[in-house]
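Novice: Got a structure here, written out as structure tokens. Questions coming.
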Ligand SMILES: [Zn+2]
Ligand SMILES: [Zn+2]
């Protein structure tokens, strides 16, 4: 039998086209990142060939031997198939075939898995999800060797494993297969690709149009409902990078086999948008750690290899080669080759872009706003998390913000309390403190009323509500986002408006943040700012606890917070400066007159040291009617103890004042040098409304929700206007 | 007038030889690091030429305008002189000359500086030290232009500034000039080099042989007394990198002008040794932060540019090109050129070397032992700080240890409590917590008796005492250091023996640490281990304080420590595991039966947040007679939350036991897999004593203080024996 390279076109191209396969196989000078992916696959297969095939009877749950072994076997079939096609070495084909024949001999007689626990059990694995993933990999590997197997081998493998598995995961698990859920996407991808490879249209039609053929379930329905029109996945970026993979893989297979479906044009290019959104929700290559996120997770995750390759094919965006460099390898497809080539030159991470990623299938369930200002990958980035709840892994963090600057997290999000796969940390599961602290509102830079969490900490209640995006506005010198929610608490309306601005093209961007809480009755309002840094200056009025610490409260996360000390803010104003990564950050506050500032640290009631001892500052006031807490976060100066130089350790802003005019709030910031910056925030966010107000001797005129003026009334957020 | 390049040899070569100058000037393809140093100098001079010369009347103390301006002017004379010689561009010569003429016009009439405060005032600067530094730089620059000035200009400059300044700093400040102190070395270097340039042997003789010409003071005396025979400078590495500079510069000038003095052979090559010691006391390019050290300081400090260049010339050690890469530039001399060339290839930081750097002029005042094991720059490094006090910046940390592993600090030293040049942190001075915490014994991984600091916290008392080095022993699989001190406390003898070993060539190095405290009466003994990491496992017997924290004590640093919780160690044994930089570290303890373990954090009684919230574990016992606290620190496994893989989060060592045999302690470590490692520590440290002991069924035979055996009695620390 000839090598695959001489046997002509494959029956069903999935992710590796015949053209790409020839191009790669004939290339003696493959780009580094491509070669790395290829070499890793070769190593994996060599190990498998050496240790020999083992296809154990299904027995263990996740983590156990039989579970892990089946996972590896699926991967090896995939690797060996691709390698056969790209190298023509027949031992790769034989190894993939021999593994599949063993599965074919076992699978038909398998009952449901003995360790099944959930509603969607598998046969090979305890969960159908794992079985779908296995199928997605194995069918790709099989596809690459199929033409060079005998008819008898093909029949044995298809009748023994691929048909029964595809049918088990579709008609055999209809409830799971009909779900609009990421798990069903894996099933659709596996079943649909099996249809293409076996030439059985029933499978691919079920997968794409749903079991009932009416589009009420299946891949298209998932594509329409699981992502927002901007490509945001409701659980947040940490889960999005995982959810994305079957979408990317199956969409490529559909495009190759049924180009008339124009899958990449679906919903105005939702596949490309979902990939782009995943990548946009990162700083320094790490995902924004919203919801139950492991903070270390970034674009170098293997789940994003296909995404980066396809994203580059669909958009040519230079962010993908930059990501490929961080990933260090790519997939064994034509898209991977093109990406690896592009990554050889000019692959610097671009400047973060400002954007709003709306949440919800129709894009009307809040959203995540990203405000970026400055040059290069380390430019300041503010994230306003005004999305929906994001299901059970969602946090109670409505209107929370994060801020990154100069390559560091400055205003932080705790992420999840979990040590993945560390047995001594409750077997690597989510820790109790994930629920009791990390998910709670007070663990976030979000307004807390009456020391309670949003939706009383009930995520199912949270699913029913989301903030309303009032507006976002992006320009070179002024970015803004404003959102409001009236049902996070029974009798409070929360509104937050965050401006990122720079008074000049070369100035450091500054955050101006206005939180408003409208309550019927007098209730405590807390606004934490969790920060990463060491305090260099604090208000004199604070009484720091030097000889004893006690928790800040007894529930809703407060029990996990040490009160390091607090004190009244004189006239509601105060300034805290800290140092992070060689730069100073000053947080100026302007709160109601009777407000206090508390310094806090996570770690109380934490007998196993499950929490990191993160620090925060909390503005505490008692609201009745409209309570407004205004803060300005100003980066400044440089601290270089190695070079023994320190510059501008004191902030430039000396004074912060607000004035209510008719229909607008004027925030007046006076610098030490005597200059004035005036930010105006209109009550009516409409872009078309013209504002024309007298402020002292000045006349302030602008359109839309926000604008910036200097002390003479000259507009300064429009360099060309 | 012709360019310097055509004017023949200079009268007095200082650091730039005529050959080197020609080689550099004629080189159109200078190596990157050399070009960088050159370009930086060009930028500085261009700025000075543009802004114009200003030579203000001396007025301000350190930090003020006139102070900073004179410093810059000295640097510019230096830069411009070198650049004239290397480029031949006459504007450089003119700029240096014009600045010097201004100083010549002013200097003769200057009284002592108005802001003088200490015993050694200057005229241009408030301290003579700054004046010496100015002279060291300016005389070098002058030397490079001198031949191409008119005789009148030369006379004016020499009579106006160089002669009066050299005489002021020598015969005019005899008390300072006669000191055996780093400040006097700067004066000697300035005065001596002035002698060479002006051809006045009196100056260079004063500088080298002392004012009295008998060698009782001056450079040679300083060279003989300020460094130990191994090149250790008593204040520790942070100060050594600063003290080193005038030694390096003046030694090079002496070598160029008086080769017969064989200055580089003095004390068996003490200059090269001092440079090598400075570089050896680093990990990942940062200096070991002993004594009042700023932890960020590393080999990239500008003070070490000359040192690295000369070190490479004298030894050819490949560590210097690696350091040059970290420095990013080099000096404008032949040595700099050679170093920059070498740095273009093969400049990886080498594996840390094990060594003992003895302290004291005769090398008999304790020392710093460095134990390195493993490959590459990230290999495990243990530092035993058994040195003398190190004067007023010394810490009360006798027998303290530090441990680095995998590129991270694991057992840490706090360093200094200071924010250099940050006005809000007490003007950048040492903070009160430097004295009340950072210098105290309890802030170190050192034994504390009766909750008091060594020498009752009196550094002048500390100057009179030092540990006795019992032995050091270095081999591929077993490094050891043992030291003892009987006068850190009135009635306690402290002995510490630290072994770094690996049971196999590929195994991770493990620390075995034995602290013995001999007291007459029953006294509390505490042994802290300050670590950098997050706890993943702690002894069940500890009662962690969940709802309130109080300080551990009221004085001697204890008042700055929060007691996070404590509890009895069952039979004196316990195990704590933490995670640092993706690796697990388990600290196994074996202490007397009634011992406790406390978890602690710095930060109590710290109203301005001057302290970092570092964490520690403290073994607490009550000693009477001989108290022994044995600990094993075992690195293991890997935690990679991004890749979602965790391996070996549990330590291998399951059980720790000691047996006293005749004249030796046997420490028996049993692994989970059932293997046994036996470390023997002989009471008599002599290398020539043969030990032959029965231990159960085994016969253990070895020479010298320490050895390692497996469970069958086979020696395992000698791979070839
Ligand atoms: Zn969160
Ligand atoms: Zn210290």
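Residue numbers (my numbering), protein chains in the order written: chain V, 10 to 730; chain B, 10 to 730.
The beta-carbon is built from N, C-alpha and C at its ideal position, and this holds for glycine as well.
Remember, predicted model here, so these are calculated numbers, not experimental data.
Using a 10 Å radius around the Cβ and a threshold of 16 neighbouring Cβ atoms, would you call residue 650/B buried or exposed?
Specialist: Burial call: buried.
Novice: Taking the C-alpha atoms as reference points, what is the distance between residue 45/V and residue 333/V?
Specialist: Their Cα atoms are separated by approximately 12 Å.
Novice: Going by C-alpha distance, which of 93/B, 83/B, 89/B, 57/B is nearest residue 31/B?
Specialist: Looking at the Cα atoms, 93/B is the closest of the given residues.
Novice: Using three-state DSSP, classify residue 725/B as helix, strand or coil.
Specialist: Note: residue 725/B maps to coil in three-state DSSP.
Novice: At a threshold of 8 Å, does residue 447/V count as lining ligand 1 (C-beta to nearest heavy atom)?
Specialist: Checking every heavy atom of ligand 1 against the Cβ of residue 447/V, one is found closer than 8 Å.
Novice: Comparing the C-beta of residue 11/V with each C-beta of chain B, is any distance below 9 Å?
Specialist: Confidence at residue 11/V is low in this model, with a pLDDT of 31, below 50, so its placement is unreliable and no value can be given for it.
Novice: Please go through the region 450–508 of chain B and give each complete alpha helix (DSSP H) segment of 4 or more residues, from N-terminal end onward.
Specialist: Qualifying alpha helix (DSSP H) stretches, in chain order: 468–471.
Novice: In chain order, what residues of the region 551–570 of chain B put their CB closer than 7 Å to some CB of chain V?
Specialist: The region 551–570 of chain B vs chain V, Cβ under 7 Å: 553, 555, 556, 557, 558, 559, 560.
Novice: Which word fits residue 306/V, buried or exposed, when buried means at least 16 other C-beta atoms lie within 10 angstroms of its C-beta?
Specialist: Result: buried.
Novice: Just to confirm my understanding: we take residue 279/V, look at its own chain, exclude 5 residues before and 5 after, and list those with CB closer than 7 Å. What are they?
Specialist: Excluding residues within five positions, the ones whose Cβ falls inside 7 Å are 232, 236, 240.
Novice: What are the complete alpha helix (DSSP H) segments, minimum 4 residues, inside the region 36–121 of chain V?
Specialist: If we require 4 residues or more, the alpha helix (DSSP H) runs fully inside the region 36–121 of chain V come out as 41–60, 74–96, 99–115.
Novice: In chain V, which residues lie with their C-beta within 8 Å of the C-beta of residue 544/B?
Specialist: Result: 617, 618.
Novice: Less than 9 Å between CB atoms is the rule here; does residue 621/B satisfy it with respect to chain V?
Specialist: Yes, residue 621/B counts as interfacial toward chain V.
Novice: Mapping the DSSP letters down to three states, classify residue 529/V as helix, strand or coil.
Specialist: Note: residue 529/V maps to strand in three-state DSSP.
Novice: How would you call residue 687/V, buried or exposed, if buried means at least 16 neighbouring beta carbons within 10 angstroms?
Specialist: Answer is buried; the Cβ neighbour count reaches 16.
Novice: Under a CB-based cut-off of 9 Å, is residue 77/V close to chain B?
Specialist: Chain B contact via Cβ: absent.
Novice: Could you give the residue range of the alpha helix (DSSP H) that holds residue 206/V?
Specialist: Here the alpha helix (DSSP H) through residue 206/V covers 191–207.
Novice: What residues of chain B sit near residue 307/V, judged by a beta carbon separation below 7 Å?
Specialist: Ordered by position in chain B, the residues that pass the 7 Å Cβ test against residue 307/V are 651.
Novice: So, with DSSP's three-state summary, where would you put residue 389/V?
Specialist: If DSSP states are grouped into helix, strand and coil, residue 389/V belongs with the strands.
Novice: At the 9 Å Cβ level, is residue 628/V part of the contact set with chain B, yes or no?
Specialist: By this cut-off, residue 628/V is not an interface position.
Novice: If you run the structure through DSSP and keep just helix, strand and coil, what is residue 278/V?
Specialist: Residue 278/V falls in the helix class under three-state DSSP.
Novice: Report, in whole angstroms, the separation of the C-beta atoms of residue 489/B and residue 508/B, which I expect to be a contact under 8 Å.
Specialist: Confirmed, Cβ separation roughly 5 Å.
Novice: Could you tell me whether any Cβ in chain B is nearer than 9 Å to the Cβ of residue 74/V?
Specialist: Cβ-Cβ to chain B under 9 Å: no for residue 74/V.
Novice: What in chain B is Cβ-close to residue 437/V, meaning under 8 Å?
Specialist: The contacting residues are 655.
Novice: Assign residue 572/B to one of three DSSP states: helix, strand, or coil.
Specialist: Strand at residue 572/B.
Novice: With residue 302/B and residue 247/B assumed to form a contact (beta carbons below 8 Å), what rounded beta-carbon distance in angstroms separates them?
Specialist: That belief holds up - the Cβ atoms of residue 302/B and residue 247/B are roughly 4 Å apart, short of 8 Å.
Novice: Which whole-angstrom value describes the C-beta separation of residue 557/V and residue 559/B, a residue pair presumed to lie in contact below a C-beta threshold of 8 Å?
Specialist: Contact holds; Cβ gap of about 5 Å.
Novice: Going along the chain, which residues of the region 88–109 of chain V sit with their C-beta nearer than 9 Å to a C-beta in chain B?
Specialist: Residues passing the 9 Å Cβ filter: none.
Novice: Considering just the uninterrupted stretch of the alpha helix (DSSP H) at residue 764/V, what are its terminal residues?
Specialist: Outside the displayed range of chain V (10 to 730) lies residue 764/V, so it cannot be described from this structure.
Novice: Quick one: is residue 610/V near chain B, going by C-beta distance under 9 Å?
Specialist: By this cut-off, residue 610/V is an interface position.
Novice: Can you tell me whether residue 424/B sits near ligand 2, meaning its C-beta is under 8 Å from at least one heavy atom of the ligand?
Specialist: Within the cutoff, so yes.
Novice: Looking at chain V, is there any beta carbon in it that lies within less than 9 Å of the beta carbon of residue 450/B?
Specialist: By this cut-off, residue 450/B is not an interface position.
Novice: So what does DSSP say about residue 330/B, is it helix, strand or coil?
Specialist: Reduced to three states, the DSSP call for residue 330/B is helix.
Novice: For residue 617/B, report the span of its beta strand (DSSP E) as first-last.
Specialist: Per DSSP, residue 617/B belongs to no beta strand (DSSP E) and is neither H nor E.
Novice: Taking the alpha carbon of residue 528/V as the reference point, which residue from 423/V, 167/V, 498/V has its own alpha carbon closest?
Specialist: Checked all of 423/V, 167/V, 498/V; the closest Cα to residue 528/V is 498/V.
Novice: Compare the C-alpha of residue 65/V against each of 661/V, 685/V, 122/V and name the closest.
Specialist: If we check each option's Cα against that of residue 65/V, 122/V comes out closest.
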